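A.B. asks:
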Amino acid sequence: MFKILFCVALVWFNSLQITSGTESVWFDDLDGPKFLTEEEGQIYDVDQPEFDDDSTITKRVAADEYVTTVSSKNTEMFCKVAAHSQGITTTKWNPTKPTHTLSFYRFECRPFPTMVELERPANEDYLPHTVVLHRCLGGCVTTQQVQNCTVKRQEEVVLQVLHRLDHNKVFKPLKITVYNHTECACDCITRQSECDVKIHNFTQDQCKCKCKQDNSSSCDPAKMFWNEKICHCECNSAPKFCDKSPNHEWNAGICDCDCKQRVKERCIRKGKVLNTNTCECECPTQRSTCPPGESFLKYNCTCVPNSVVTK
Numbered sequence: 184m185f186k187i188l189f190c191v192a193l194v195w196f197n198s199l200q201i202t203s204g205t206e207s208v209w210f211d212d213l214d215g216p217k218f219l220t221e222e223e224g225q226i227y228d229v230d231q232p233e234f235d236d237d238s239t240i241t242k243r244v245a246a247d248e249y250v251t252t253v254s255s256k257n258t259e260m261f262c263k264v265a266a267h268s269q270g271i272t273t274t275k276w277n278p279t280k281p282t283h284t285l286s287f288y289r290f291e292c293r294p295f296p297t298m299v300e301l302e303r304p305a306n307e308d309y310l311p312h313t314v315v316l317h318r319c320l321g322g323c324v325t326t327q328q329v330q331n332c333t334v335k336r337q338e339e340v341v342l343q344v345l346h347r348l349d350h351n352k353v354f355k356p357l358k359i360t361v362y363n364h365t366e367c368a369c370d371c372i373t374r375q376s377e378c379d380v381k382i383h384n385f386t387q388d389q390c391k392c393k394c395k396q397d398n399s400s401s402c403d404p405a406k407m408f409w410n411e412k413i414c415h416c417e418c419n420s421a422p423k424f425c426d427k428s429p430n431h432e433w434n435a436g437i438c439d440c441d442c443k444q445r446v447k448e449r450c451i452r453k454g455k456v457l458n459t460n461t462c463e464c465e466c467p468t469q470r471s472t473c474p475p476g477e478s479f480l481k482y483n484c485t486c487v488p489n490s491v492v493t494k
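The opening position of the sequence shown corresponds to residue 184 in our numbering, with each subsequent residue numbered one higher.
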């Protein structure tokens, strides 16, 4: 709903009064950044190449779809506009006209006049439903992927609206408090609070959590990648089903099937070596012969009297 309202920058409630502090004033008398005036509330098309510095630019990108552009991934909004019941007449672009060039600095991070839907309790209704307030929008130079536009200062604005409960047909005056953004600043999208202090340090200039110990060189590039969120090597592929033997299981440390850890520990405990193909413990050296009257016992890898073997 908000995205749709944002696309329509037309002030249709000139008669609405705002109370700032104790005095009732008109929109254009507010302190700080001025509210949107009718002249500023425009939807630009190909016949209006001169853009107002204080306005966002809304252009039609399809027969029934518009995009409002501010040079920020967070403020490019598409909205559907209902087609007229008798159809749409579309004027084709004249290729002889110059292409519009947008200046980034017109859309840098600062307060922009924005259509804001008034938040109201459930089962209650306000008139009007929307109001024009300044909201922090725009881009952050060269840091678009790591920073976004945030509000740093705001002021309270008291509005007088018409209010009613859903079951009541009568509207009555009501004062509500909203907030007008007056100062904006670019700030890190990733916050220091998102870092795990046990394994991370936060680097303000890069706006990212960096591992205290970078062991990325230990990752096998054929199978792994370094995950900075957990500061650990992770497998490129999902775990496989290991059915080579009952003693096989998936080992995330090597990103492959491996003998179970308890089998490895058993081989060490018995002084044997692990056969990685069968995942069984074997004697380190297989004796070909034993003295007369003795036989080789795989259990402890020694020659024992035949009388012991047959018992």
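Just so you know, even glycine gets a beta-carbon here, dropped at the ideal spot from N, CA and C.
All of these numbers come straight from a predicted model, not from anything done at the bench.
Determine the closest residue to Asp458 out of Lys427, Val341, Thr485, Asn306, with distance taken between C-alpha atoms.
C.D. replies: What sits at residue 458 in the sequence shown is Asn, not Asp. Here the closest residue by C-alpha is Lys427.
A.B. asks: Following the continuous alpha helix (DSSP H) through Gln396, name the residue where it begins and the one where it ends.
C.D. replies: No alpha helix (DSSP H) holds Gln396; DSSP gives it neither H nor E.
A.B. asks: Does DSSP classify Asn351 as helix, strand or coil?
C.D. replies: coil
A.B. asks: By the 10 Å Cβ neighbour count, where 16 or more other Cβ atoms means buried, how is Asn331 classified, buried or exposed?
C.D. replies: buried
A.B. asks: Going by DSSP, which residues form a beta bridge with Cys323?
C.D. replies: In the DSSP output, where bridge partners are listed per residue, Cys323 has none listed.
A.B. asks: In the structure shown, what three-state DSSP assignment does Phe290 receive?
C.D. replies: Shown here, Phe290 sits in a helix according to DSSP, grouped into three states.
A.B. asks: Just mark Arg318 as buried or exposed, buried being the case when its beta carbon has 16 or more other beta carbons within 10 Å.
C.D. replies: Arg318 comes out buried.
A.B. asks: Which two residues bound the contiguous beta strand (DSSP E) that contains Glu417?
C.D. replies: 415-418
A.B. asks: Could you round the C-beta distance between Val329 and Cys371 to whole angstroms and report it? I think they count as a contact, below 8 Å.
C.D. replies: 6 Å
A.B. asks: Would the segment 388-395 count as touching the segment 338-358 if we require 3 or more Cβ pairs under 8 Å?
C.D. replies: Touching, no, given that fewer than three Cβ pairs across the two stretches are closer than 8 Å.
A.B. asks: Assign Thr282 to one of two classes, buried (16 or more other C-beta atoms within 10 Å of its C-beta) or exposed (fewer than that).
C.D. replies: exposed
A.B. asks: Can you tell me which of Cys464, Glu465, Arg303, Val491 puts its alpha carbon nearest to the alpha carbon of Glu477?
C.D. replies: Taking Glu477 as reference, the option from Cys464, Glu465, Arg303, Val491 with the minimal CA-CA separation is Val491.
A.B. asks: Could you tell me the boundaries of the beta strand (DSSP E) in which Cys486 lies?
C.D. replies: 485-488
A.B. asks: Out of Lys423, Ser399, Phe424, Thr313, state which residue places its alpha-carbon closest to the alpha-carbon of Ile413.
C.D. replies: Ser399
A.B. asks: Pick out whichever of Lys455, Lys335, Cys473 has its Cα sitting closest to the Cα of Glu465.
C.D. replies: Lys455
A.B. asks: To the nearest angstrom, report how far apart Pro488 and Thr468 are at their CA atoms.
C.D. replies: Those two C-alpha atoms are separated by around 19 Å.
A.B. asks: Have a look at Val336 and Ile382 and give me their C-alpha separation to the nearest angstrom.
C.D. replies: Note that residue 336 is Arg in the sequence shown, not Val. Near 34 Å, if we compare the C-alpha coordinates of Ile382 and Arg336.
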